[in-house]
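Chemist: Oh and the sequence shown: position 138 is 137 in numbering that gives the first Met the number 0, straight run, nothing missing.
Pasting in a structure now, in structure tokens, and then I'll have a few things to ask.
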Amino acid sequence: MPRSVAAHLIRTESISRADTPEPSARQGRRNDSSRGGVQLLDQDGGLSDRFEACLAHIFAKYIEPPFVAERVEGGLMKPPKNAYLTDGGLDRYATETNGQPFTAETKDELKEMLDCDDKGRLTLEGFFQIYQLQTENDEEETWKDLSTHGFGRDLNLVSSRREDEDEDEPATSTPATTST
Numbered sequence: 000m001p002r003s004v005a006a007h008l009i010r011t012e013s014i015s016r017a018d019t020p021e022p023s024a025r026q027g028r029r030n031d032s033s034r035g036g037v038q039l040l041d042q043d044g045g046l047s048d049r050f051e052a053c054l055a056h057i058f059a060k061y062i063e064p065p066f067v068a069e070r071v072e073g074g075l076m077k078p079p080k081n082a083y084l085t086d087g088g089l090d091r092y093a094t095e096t097n098g099q100p101f102t103a104e105t106k107d108e109l110k111e112m113l114d115c116d117d118k119g120r121l122t123l124e125g126f127f128q129i130y131q132l133q134t135e136n137d138e139e140e141t142w143k144d145l146s147t148h149g150f151g152r153d154l155n156l157v158s159s160r161r162e163d164e165d166e167d168e169p170a171t172s173t174p175a176t177t178s179t
């Protein structure tokens with residue numbers, strides 16, 4: 000998919016964010032892993048396990064109707080099997096991530112191009128596809144989204160950004176891990 004289509008699917012036209020500061024760097028693999036840096040994409044160009052766990056947590060926040068979250072190691076939410084986002088969930092996600100809901104045109108493109116259930120609702124796999132495209136094309140945009148949803152550059156939840164933490168607790172990170 001061309002970069003312009005991926006960008007259109009992820010960002011709305013009226014929201015401007017800074018350009019990627021390292022355009023020549025290999026997208027999704029900027030962090031120096033020899034120094035403990037976390038990679039968004041694995042060696043094959045797929046989403047890393049830690050990144051998938053973060054995205055599943057974000058996705059789980061917008062499922063309608065809300066569900067009692069299963070928490071996995073690290074305090075991350077894990078959506079139930081066959082979970083999906085309705086148009087309302089997509090709007091809440093887009094507003095909290097980019098400042099405004101997706102346009103009807105963007106939602107139609109999402110439903111046409113990404114994995115959706117038989118009723119046209121975005122699945123977790125479709126949500127992963129959004130971030131696969133975005134990370135391949137504009138890694139900094141992905142890091143901004145992750146930060147907006149409470150994740151640090153180490154893909155750990157920063158407790159000062161977590162909705163369920165007390166404000167008096169010191170800011171710490173919680174490792175984002177997956178369970179098998």
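We put the CB at the ideal spot given by N, CA and C, even for glycine.
All of these numbers come straight from a predicted model, not from anything done at the bench.
(1) Buried or exposed, going by whether 16 or more other CB atoms sit within 10 Å of the CB of T134?
(2) Can you have a look at N155 and say buried or exposed, based on whether 16 or more other CB atoms are within 10 angstroms of its CB?
(3) How many whole angstroms separate the CB atoms of Y61 and L40, which I take to be in contact at a CB cut-off of 8 Å?
(4) What residue does the alpha helix (DSSP H) around C53 start on, and which one ends it?
(5) Please state the DSSP three-state secondary structure of F150.
(6) How about V71 and F50: are their beta carbons less than 9 Å apart?
(7) Less than 9 Å between the C-beta atoms of P128 and L113, yes or no?
(8) Just how far apart, CA to CA, sit K77 and C53?
(9) Just grab the DSSP bridge partners of K110 for me.
(10) Which residue spans inside the region 74-149 form an unbroken alpha helix (DSSP H) run of at least 4?
(11) In angstroms, rounded to a whole number, what distance separates the CA positions of F66 and K106?
(12) Cutting at 7 Å between CB atoms, please list the residues of its own chain near L89, excluding the five before and the five after it.
(13) Work out the CA separation of A103 and N97 for me, nearest whole Å.
(14) Between which residues of its own chain and E95 is the CB-CB distance below 8 Å, once the five residues before and five after are set aside?
(15) Measure the C-alpha to C-alpha separation of L75 and E111 and round it to an integer number of angstroms.
(16) Contact defined as beta carbons within less than 8 Å: I believe L123 pairs with A68. What is the distance between those atoms, to the nearest angstrom?
(17) Please list, in chain order, all residues of the same chain as S47 whose beta carbon is under 7 Å from its beta carbon, the five residues on each side excluded.
Modeler: Looking at the coordinates:
(1) buried
(2) buried
(3) The pair is not a contact, with the Cβ atoms about 23 Å apart (cut-off 8 Å).
(4) D48 to A59
(5) strand
(6) The Cβ atoms of V71 and F50 do not sit closer than 9 Å to each other.
(7) Looking at the sequence itself, residue 128 is Gln, so the reference to Pro does not match. Yes, Cβ-Cβ distance for Q128 and L113 is below 9 Å.
(8) 9 Å
(9) Paired residue(s): none; K110 is not in a bridge.
(10) 86-97, 103-112, 123-136 and 138-147
(11) 23 Å
(12) F101, K106 and L121
(13) 16 Å
(14) T147 and H148
(15) 29 Å
(16) Contact flag wrong, Cβ pair sits at about 14 Å.
(17) Only residues of its own chain outside the window of five on either side were considered, and among them Q38, L39, L40 and D41 have a CB closer than 7 Å to the CB of S47, listed in chain order.
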